[in-house]
Ligand SMILES: O=P(O)(O)OC[C@H]1O[C@H](O)[C@H](O)[C@@H](O)[C@@H]1O
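In the numbering used here, the protein residues as written are 22 to 596.
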């Protein structure tokens, strides 16, 4: 069907309200807008569906939510009646329409006879992952666009282990969606009817408490906090989102006496009025936190994104000014701290393992291996880390103590299979308190790690390619890099090329090829003669190709020079 036909189908459907039809009529003369909204359905990417909120096939609205949920329900029903009766947990964040979309998803599951446990109000993403496992649900749904700008919303799907669906399973939903008519295939029960029939039940404070008690089990060294609690101060911001309740509560339970929350950003608001982007990866959003921390003489700033799966830290540098720690740095600090704390308390498993993604700093490998801990790489996304954790632990091959990716995601413990800002904020605060007791800021602690393990520097360049043209440009760039394999980059020889799509590693000088364990993802990785790794991949969540520069050298200056050189090269890839 052409986009014009799909547009007309929507306009004529009785499923659309008068307001929705009005919105569509308003774009009738705008061909580009019509094409952008109706050229194709949204695809399941790194984290399920994500799009801007408006009426359209390529957007987030109740119709797309119902359609995806009908397809998901049929995938669940195919597992048999016993599996379906385990039910689905449904969660949502603070975004505009999130609660409405979550209720719609619940009503469609109920209409298919599948029981739903719906949160009574917004909750952090990791609490959903926990609830699926805790209540033995078959699956989960989360309505959130995580850290994206306010125009976006998203739909994440989880399976019984509490992890987001791996690609082969998500593909089954996508295939079902293609088979099912978006309007006429939907089986939906009204919310009140579903509640009165017991098909929708609510989760509330009891689930928070069960989750928090597991989170608190991740504390390694409460005494380290007790020793500094009188003067160690932190500032926390939830960026208007779901971390607002449980993170301050977890920090209080840790024994922190001075937790100052940024009042303007404690206000739940899907318009994120105080920030351009509610993403702890963007340090600009921390300006209110920095003001408060400077006024109050705080030592550390912790922030979580709107669905409280990402966590970011701002620390005082050697001049006393607040600077961001990158996700790579925070992960390295946490990994080193956790290994040390667990060794000190005698709780480090003998076969301890850490996980990171292929685009995360190699410094983590050095830290792990120098401490006798194995480290494995996965593709981007916690579904892959969850899969690896399950496989290693089920086979008895290893016990995962920490998993992380550079994009500010950290996972600890056994009760979640997704990134978890609640536990990460707790352990990062404990770690900062432990260093504070030795007169060190996290900034100083990071410098010591560089001296101990070697200098590393990372940078990610985003080659933004929006719209329909952008999709084509991204595909063309990846094709070109495959059709004309690079032998040198910015004048430096390429030693190895890894194509994670085919799973082939090629030695450039000998031409020898071998199969890698990881394959099936559109990612290219180059190992260069100066020790740098460069990775090129299209983002699964935003219209951009990401180029990751992972350098190492003898000093910060040397890493910096390499980063500038390869950044200049990466910019030449922008179409
Ligand atoms: O690099 P992208 O595909 O855009 O993904 C960036 C990030 O998006 C989400 O937050 C996912 O949950 C992460 O696992 C991922 O690292």
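C-beta atoms are modelled at their ideal positions from N, C-alpha and C, and glycine is treated no differently.
If the criterion is Cβ atoms closer than 8 Å, does the pair residue 203 and residue 84 meet it? Stepping through the chain shown from its first residue, residue 203 is reached at position 182. Stepping through the chain shown from its first residue, residue 84 is reached at position 63. Yes, the pair counts as a contact, with Cβ atoms nearer than the cut-off.
Report yes or no: do the region 310 to 324 and the region 249 to 262 share at least 3 C-beta pairs separated by less than 8 Å? yes
Is there at least one non-hydrogen atom of ligand 1 closer than 7 Å to the beta-carbon of residue 72? Stepping through the chain shown from its first residue, residue 72 is reached at position 51. Not under cutoff, so the answer is no.
Check residue 101 in the structure and name its three-state DSSP category. Position 80 of the chain shown holds residue 101. The answer is coil: DSSP assigns residue 101 none of H, G, I, E or B.
I'd like to know if the region 547 to 556 and the region 501 to 516 are in contact, where contact means that at least 3 CB-CB pairs between them fall below 8 Å. yes
Residues in the same chain with beta-carbon distance under 7 Å from residue 303, minus the five sequence neighbours each way, listed in chain order, please. Taking the first residue of the chain shown as 1, we reach residue 303 at position 282. Closer than 7 Å at the Cβ level, and outside the excluded window around residue 303, lies no residue.
Hey, how far is the Cα of residue 78 from the Cα of residue 387? Reading the chain shown from its first residue, position 57 is the one you call residue 78. Reading the chain shown from its first residue, position 366 is the one you call residue 387. Using only the alpha carbons, I get a separation of about 46 Å.
Between 227, 501, 286, 240, which has its C-alpha nearest residue 307's C-alpha? The residue given as residue 307 occupies position 286 in the chain shown. With distances taken between Cα atoms, residue 307 lies closest to 286.
Does residue 88 pass the burial test, meaning 16 or more other C-beta atoms within 10 Å, or should it be called exposed? The residue given as residue 88 occupies position 67 in the chain shown. Per the 10 Å Cβ criterion, buried.
Which residues does DSSP list as the beta-bridge partners of residue 254? Mapped onto the chain shown, residue 254 falls at position 233. DSSP output for residue 254 lists 279 as bridge partner(s).
Please determine whether the Cβ atom of residue 43 lies at a distance below 7 Å from any heavy atom of ligand 1. What you label residue 43 is simply residue 22 of the chain shown in a count that begins at 1. Residue 43 Cβ: outside cutoff for every heavy atom of ligand 1.
How about residue 402: is its Cβ closer than 7 Å to a heavy atom in ligand 1? The residue given as residue 402 occupies position 381 in the chain shown. For ligand 1, at least one heavy atom lies less than 7 Å from the Cβ of residue 402.
Under 8 Å between C-beta atoms of residue 232 and residue 151: Position 211 of the chain shown, counted from the first residue, corresponds to residue 232. Position 130 of the chain shown, counted from the first residue, corresponds to residue 151. Going by C-beta atoms, residue 232 is nearer than 8 Å to residue 151.
Residue from 22, 421, 275 with nearest C-alpha to residue 369: The sequence position of residue 369 within the chain shown is 348, counting from 1. The shortest Cα separation from residue 369 among 22, 421, 275 belongs to 421.
Name the residue from 123, 563, 540, 44 whose alpha carbon lies nearest to the alpha carbon of residue 113. Walking along the chain shown from the start, residue 113 turns up at place 92. Answer by Cα proximity: 123.
Note down, in chain order, each residue of its chain lying with its Cβ closer than 6 Å to the Cβ of residue 344, except the 5 sequence neighbours on either side. For the purposes of this step, residue 344 is taken as residue 323 along the chain shown, with counting starting at 1. Excluding residues within five positions, the ones whose Cβ falls inside 6 Å are 338.
Let me know the secondary structure DSSP gives residue 112 once reduced to three states. If you number the chain shown from 1, residue 112 lands on position 91. The answer is strand: DSSP assigns residue 112 an E or B state.
Where residue 395 falls: helix, strand or coil (DSSP): If you number the chain shown from 1, residue 395 lands on position 374. Here residue 395 sits in strand by DSSP.
Residue 570 bridges to which residues according to DSSP? The sequence position of residue 570 within the chain shown is 549, counting from 1. Residue 570 pairs with 480, 555.
Find out if the Cβ-Cβ distance for the pair residue 168, residue 80 is shorter than 8 Å. Here residue 168 refers to the residue found at position 147 of the chain shown. Here residue 80 refers to the residue found at position 59 of the chain shown. No. Outside cutoff.
Does the distance from the C-beta atom of residue 419 to that of residue 372 stay below 8 Å? One-based indexing of the chain shown puts residue 419 at position 398. One-based indexing of the chain shown puts residue 372 at position 351. Going by C-beta atoms, residue 419 is nearer than 8 Å to residue 372.
For a test of your reading of the model: does the CB of residue 351 fall under 7 Å from any non-hydrogen atom of ligand 1? Yes or no. For this step, residue 351 is matched to residue 330 along the chain shown. Checking every heavy atom of ligand 1 against the Cβ of residue 351, none is found closer than 7 Å.
In chain order, each beta strand (DSSP E) run of at least 3 residues that lies wholly inside the region 139 to 211: 160 to 164, 173 to 180
Exposed unless 16 or more other CB atoms sit within 10 angstroms - verdict on residue 583: Taking the first residue of the chain shown as position 1, residue 583 is located at position 562. Buried.
Among 74, 426, 391, 346, whose alpha-carbon lies nearest the alpha-carbon of residue 407? Here residue 407 is taken as the residue at index 386 of the chain shown, counted from 1. Cα-wise, what sits closest to residue 407 is 426.
From this set, 577, 576, 567, 179, which residue's C-alpha is nearest residue 588's C-alpha? Within the chain shown, numbered from 1, the residue matching residue 588 stands at position 567. Cα-wise, what sits closest to residue 588 is 567.
Mind pulling the alpha helix (DSSP H) runs of 4 or more residues that sit fully within the region 428 to 482? Runs found: 442 to 457, 463 to 474.
How many angstroms separate the CA atom of residue 159 from the CA atom of residue 314? The residue labelled residue 159 in the question sits at position 138 within the chain shown. The residue labelled residue 314 in the question sits at position 293 within the chain shown. Spanning the two alpha carbons is a distance of roughly 44 Å.
Chain-order list of residues whose beta-carbon lies under 7 Å from that of residue 267 (same chain, five-residue window excluded): Reading the chain shown from its first residue, position 246 is the one you call residue 267. The beta carbon of residue 267 is closer than 7 Å to those of 145, 229, 233, 443 in its chain, skipping five residues each way along the sequence.
Residue 337 - DSSP class collapsed to helix/strand/coil: As a position in the chain shown, residue 337 is number 316, starting the count at 1. The answer is strand: DSSP assigns residue 337 an E or B state.
Assigned exposure category for residue 47 - 16 Cβ within 10 Å defines buried: The residue labelled residue 47 in the question sits at position 26 within the chain shown. With fewer than 16 other Cβ atoms within 10 Å, it is exposed.
Where residue 236 and residue 434 are concerned, what is the direct C-alpha to C-alpha distance, given to the nearest angstrom? Indexing the chain shown from 1 puts residue 236 at position 215. Indexing the chain shown from 1 puts residue 434 at position 413. If you take the alpha carbons of residue 236 and residue 434, they lie about 8 Å apart.
Assuming contact is defined by CB atoms lying nearer than 8 Å, are residue 243 and residue 275 in contact in what I supplied? Within the chain shown, the letter at position 222 stands for residue 243. Within the chain shown, the letter at position 254 stands for residue 275. Yes.
Residue 63 versus residue 189 - alpha carbon distance: For the purposes of this step, residue 63 is taken as residue 42 along the chain shown, with counting starting at 1. For the purposes of this step, residue 189 is taken as residue 168 along the chain shown, with counting starting at 1. Straight-line Cα distance between these residues: approximately 17 Å.
Going by Cα to Cα distance, which pick from 450, 385, 185, 451 is closest to residue 474? Walking along the chain shown from the start, residue 474 turns up at place 453. Considering only alpha carbons, the answer is 385.
Locate the beta strand (DSSP E) running through residue 38, then write down its first and last residues. Numbered from 1 along the chain shown, position 17 holds the residue referred to as residue 38. Neither: residue 38 is in no beta strand (DSSP E) and is coded neither H nor E.
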